[in-house]
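>
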Amino acid sequence: MTFSPAFCARVACGVVALAFAAGCPRVAPAPTAPAAATTAREPAVAPRAESPEERVGRRLGEVHPGMTQPEVEEVLGPPTAAAMRSAGADELATTSYWCVIPGDPAAGRQVVTLLFNATENPPQLMAVTGPHPAPADR
5 MTFSPAFCAR VACGVVALAF AAGCPRVAPA PTAPAAATTA REPAVAPRAE
55 SPEERVGRRL GEVHPGMTQP EVEEVLGPPT AAAMRSAGAD ELATTSYWCV
105 IPGDPAAGRQ VVTLLFNATE NPPQLMAVTG PHPAPADR
């Protein structure tokens with residue numbers, strides 16, 4: 005009498021299941037040494053410190069019109085590209101920051117200009133322009 009392969013497989017699975025249920029010991033492979041113990045580990049790379057330009061680019065979204073100049077400088081730090089200066093009869097004052105936009109480091113360092121209403125005390129932020137590509141001389 006011959007039995008089909010499917011029947012033989014079912015019988016073999018049943019025999020194995022009964023053997024484990026009856027308490028037959030399992031044959032475990034010999035323990036091996038952990039891979040970390042046998043190979044030398046490379047030293048961890050220290051995280052790179054964030055540059056002032058990267059910090060400005062990351063925090064630029066926290067600045068909005070209506071903030072005072074001290075509030076803006078608390079978020080972005082002191083201006084990095086140009087000093088505060090008056091810009092004509094409309095009493096606008098501008099200041100600029102170097103920044104690196106997150107997610108686009110290939111664009112490199114760029115300039116963001118902030119326009120303040122200098123008739124207010126302290127000056128209030130009116131608009132942010134940029135980022136603009138950095139001039140070729142820097």
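Residue numbers for the sequence shown, in this note's numbering: 5 to 142.
From the three backbone atoms N, C-alpha and C, an ideal C-beta is built for every residue, glycine too.
Since the model is a prediction, treat every value here as computed from it, not as a measurement.
1) Look at the alpha carbon of GLY134 and the alpha carbon of GLU46, and state the distance between them as a whole number of angstroms.
2) Unbroken beta strand (DSSP E) runs of length 3 or more, entirely within the stretch 109–141: which are they?
3) Going by DSSP, which residues form a beta bridge with LEU96?
4) GLU77 lies in the alpha helix (DSSP H); which residues open and close that run?
5) What's the gap between the Cα of SER55 and the Cα of ALA111?
6) Need the endpoints of the alpha helix (DSSP H) that PRO56 sits in, please.
A quick look at the data gives this:
1) Position 130 of the sequence shown, counted from the first residue, corresponds to residue 134. Position 42 of the sequence shown, counted from the first residue, corresponds to residue 46. If you take the alpha carbons of GLY134 and GLU46, they lie about 42 Å apart.
2) Within the stretch 109–141, the complete beta strand (DSSP E) runs of at least 3 residues are 114–121 and 128–137.
3) Numbered from 1 along the sequence shown, position 92 holds the residue referred to as residue 96. Under DSSP, LEU96 takes part in a beta bridge, and its partners are ASN121.
4) Translated into the one-based positions of the sequence shown, residue 77 becomes position 73. The continuous alpha helix (DSSP H) containing GLU77 extends over residues 73–80.
5) Residue mapping note: residue 55 aligns to position 51 of the sequence shown, counting from 1. Residue mapping note: residue 111 aligns to position 107 of the sequence shown, counting from 1. Spanning the alpha carbons of SER55 and ALA111 requires a straight line of approximately 15 Å.
6) By one-based count along the sequence shown, residue 56 stands at place 52. Looking at the DSSP string, the run of the alpha helix (DSSP H) that includes PRO56 is 56–63.
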